[in-house]
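Structure (structure tokens):
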């Protein structure tokens, strides 16, 4: 069965600094996608970034980028130039063509400090 | 922009009551999902639906049922609420089956069962 592990329950970072959130997963599938979702204190969850497993190039969305290590089954999120608005719970998620559903990690609560 | 609306932000119910959580999306999405979010456990899938009148069990369906009579509306039903169903409930929708289209979430309903 697929699993998604986020080993950092809480993290903090100073404003304007860079922070990396870790995520590892386990799967035997070859066709899958990985995601980072953000849930701010207002609670609506939004998509931050996604990565297709068949793509070697790491995805980037403005200040957000991923380090996708397929062999190691690692999918970390890097936030550059952290802003107060980045304070949120971040969930790593996996979707596989075999299971056809999303599997979420337990989340990392990130606090950006002024 | 896609809007996913959950009818209640906060709900307090008594043990044994029948509880309805309503979710409506306004973008003609095929897929709708109900998740439960608990600290340290992440998001767990309760039920999902790929089409009107269709439903599939997720990972934790026990104690819940769903209804999808219209494409835009997906209801979660707690037949006889229990205290262990106190949780945050998130509804989500997506356009197509699969990960090509991301999940769009509602704001969540925090349910307390006393």
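Protein chains in written order, with my numbering: chain C, 992 to 1105; chain W, 777 to 890. We treat Cβ as the ideally placed atom computed from N, Cα and C, and that holds for glycine.
- Checking the DSSP bridge columns, you'll see residue 1043 of chain C partnered with C:1024.
- Out of W:838, W:798, W:870 and W:877, the CA that lies nearest to the CA of residue 845 of chain W is found in W:798.
- Buried is the label assigned to residue 1024 of chain C, since at least 16 other Cβ atoms lie within 10 Å of its Cβ.
- One finds 1026, 1038 and 1041 in chain C with Cβ atoms closer than 8 Å to the Cβ of residue 878 of chain W, taken in chain order.
- When the five nearest sequence neighbours on each side are left out, the beta carbons in the same chain lying within less than 6 Å of the beta carbon of residue 779 of chain W are those of 802, in order along the chain.
- Using a Cβ-Cβ cut-off of 8 Å, residue 1035 of chain C is close to 881, 882, 883 and 884 of chain W, given in chain order.
- Nearest in C-alpha terms to residue 996 of chain C, of all of C:1009, C:1013 and C:1002, is C:1013.
- About 5 Å separates the Cβ atoms of residue 1018 of chain C and residue 993 of chain C, confirming a contact at the 8 Å cut-off.
- Taking one beta carbon from each stretch, the region 849 to 858 of chain W and the region 810 to 828 of chain W have 3 or more pairs nearer than 8 Å; the two touch.
- Shortest Cα-Cα distance from residue 865 of chain W to any of W:841, W:834, W:855 and W:882 involves W:882.
- Against chain C, a Cβ distance below 7 Å from residue 817 of chain W picks out 1097.
- Among the residues facing chain W, residue 1092 of chain C is included, as its CB has a counterpart in that chain under 8 Å away.
- The Cβ of residue 1082 of chain C sits closer than 8 Å to at least one Cβ of chain W.
- Against residue 821 of chain W, the close residues of chain C are 1092, 1093, 1094 and 1095, in the order they occur along the chain (beta-carbon pairs closer than 9 Å).
- By the criterion of a C-beta distance shorter than 6 Å, residue 1036 of chain C is surrounded in its chain by 1028 and 1030, once the five residues flanking it on both sides are discounted.
- Annotated three-state conformation of residue 1076 of chain C is helix, per DSSP.
- Inter-segment contact for the region 1096 to 1105 of chain C and the region 1046 to 1060 of chain C is absent: fewer than three beta-carbon pairs are separated by less than 8 Å.
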